[in-house]
Every structure is written in structure tokens, then in C-alpha cells.
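A short worksheet on the structure shown next.
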Ligand SMILES: [Zn+2]
């Protein structure tokens with residue numbers, strides 16, 4: 607079963623509280639970021655990009671040590687040396703939520719699903735997709751889809767899989 611698990615908003619919105627909801631397991635995730643102001647930003651090899659305010663969905667996977675917990679913990683921190691495209695954008699945004707599916711590698715499928723969503727837009731070609739054929743792994747929405755609608759559309763019903771929404 608692919609279960610949507612809505613976690614309550616923690617009273618203490620500290621990084622530790624958020625990370626306690628995450629497992630050190632491999633998996634795929636969507637990091638939801640809110641950008642409040644239009645901005646121009648230098649993003650590594652992509653050069654300077656123009657970004658409009660909105661809800662940004664970044665799709666990635668974490669199959670290294672510490673799994674999704676370690677990777678999202680890194681994304682939650684603002685202060686760090688930029689390594690991936692998303693690191694440049696992250697520093698200008700608030701983290702809104704994270705969607706996680708453990709033990710399943712589906713980042714390209716999810717990037718495709720989100721970029722084809724009604725009202726979705728790919729703001730920067732090749733953002734986060736230097737190593738694959740996807741148009742981008744970053745999608746922006748004026749109004750983001752609900753996790754329920756996303757799970758329905760995804761249609762995955764594999765064993766040992768939980769999609770968790772961690773609302774920051
Ligand atoms: Zn891809």
C-alpha cells in the first residue's frame with residue numbers, strides 16, 4: 607500500500623522535530639519550497655535564471671548513507687556550500703513540506719508527473735536534471751496539488767512504501 611500519512615504540524619518547528627518524522631531509509635522525495643519575491647539567481651552551470659514567486663517542487667532521490675533523512679536534513683539547512691542546483695534556490699525560500707516514498711526509486715516518474723500537472727510550469731530547463739533526460743526536476747505552481755491527489759495520480763501500490771507528508 608502507498609499510504610498518505612499526514613503528520614501534525616509540530617509545535618516546535620525546529621529542524622530536529624522535522625527530521626524525527628523521517629527514516630534513514632533510501633527513497634524518493636519532493637521538497638516543497640515557497641519563494642515570496644521575484645528574483646534573479648545565479649545557479650551553477652545554468653547561469654543566471656529569473657524566478658517568479660510560487661510554490662516550487664523539487665524532486666530528488668537519496669540512496670546514499672542516511673537515506674532520505676540525511677538528504678532532507680541537508681535541504682532543510684540554509685547554510686552550506688552549494689553542491690546541487692537546488693542549493694542555490696533553497697537559500698532564498700521557506701521549506702513548506704516534504705513528500706517521501708521510501709525504498710522506491712521514482713524521481714524521474716515524479717518529475718514527469720508534476721511537470722504535467724494542470725497549472726504546473728517548468729521554470730528553468732534542466733534544473734536538477736543534468737544527469738537524466740527529464741526536462742527538469744523543478745516545477746512551480748501557483749496552487750500546489752494535494753498529496754492525496756498526487757498519490758492517486760501516481761497510482762503506486764507497492765509493498766513497504768509509505769508516502770509521508772512532513773509539513774514544516
Ligand atoms: Zn529525471
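In this note's numbering, the protein residues as written are 607 to 774.
Positions of the beta carbon are idealized from the N, C-alpha and C atoms, including for glycine.
So if DSSP puts residue i in a beta bridge, which residue, or which two residues, is it bridged to?
| i | result |
| --- | --- |
| residue 667 | 634 |
| residue 653 | 649 |
| residue 661 | 640 and 747 |
| residue 728 | DSSP lists no partner for residue 728. |
| residue 696 | Answer is none; residue 696 lacks a bridge partner. |
Is it the case that the Cβ atoms of residue i and residue j are separated by a distance below 8 Å?
| i | j | result |
| --- | --- | --- |
| residue 694 | residue 688 | yes |
| residue 722 | residue 747 | no |
| residue 681 | residue 637 | yes |
At the level of alpha carbons, what is the spacing between residue i and residue j?
| i | j | result |
| --- | --- | --- |
| residue 605 | residue 771 | Shown here, the chain extends from 607 to 774; a query on residue 605 therefore has no answer. |
| residue 676 | residue 716 | 20 Å |
| residue 696 | residue 640 | 9 Å |
| residue 751 | residue 761 | 15 Å |
| residue 749 | residue 646 | 22 Å |
| residue 712 | residue 669 | 12 Å |
| residue 654 | residue 759 | 34 Å |
| residue 754 | residue 707 | 13 Å |
| residue 690 | residue 728 | 17 Å |
| residue 734 | residue 692 | 7 Å |
| residue 763 | residue 769 | 11 Å |
| residue 678 | residue 667 | 10 Å |
Relative to the alpha-carbon of residue i, which residue among the options has its alpha-carbon at the smallest distance?
| i | options | result |
| --- | --- | --- |
| residue 652 | 731, 749 and 745 | 731 |
| residue 709 | 691, 721 and 673 | 673 |
| residue 740 | 714, 637, 728 and 697 | 714 |
| residue 705 | 665, 670, 646 and 645 | 665 |
| residue 582 | 743, 754 and 747 | Here the chain covers residues 607 to 774 and nothing more, so residue 582 does not appear. |
| residue 662 | 648, 769, 644 and 686 | 644 |
| residue 745 | 686, 642, 763 and 718 | 718 |
On the CB-based measure, 16 or more other CB atoms within 10 Å of its CB, does residue i come out buried or exposed?
| i | result |
| --- | --- |
| residue 660 | buried |
| residue 736 | exposed |
| residue 756 | buried |
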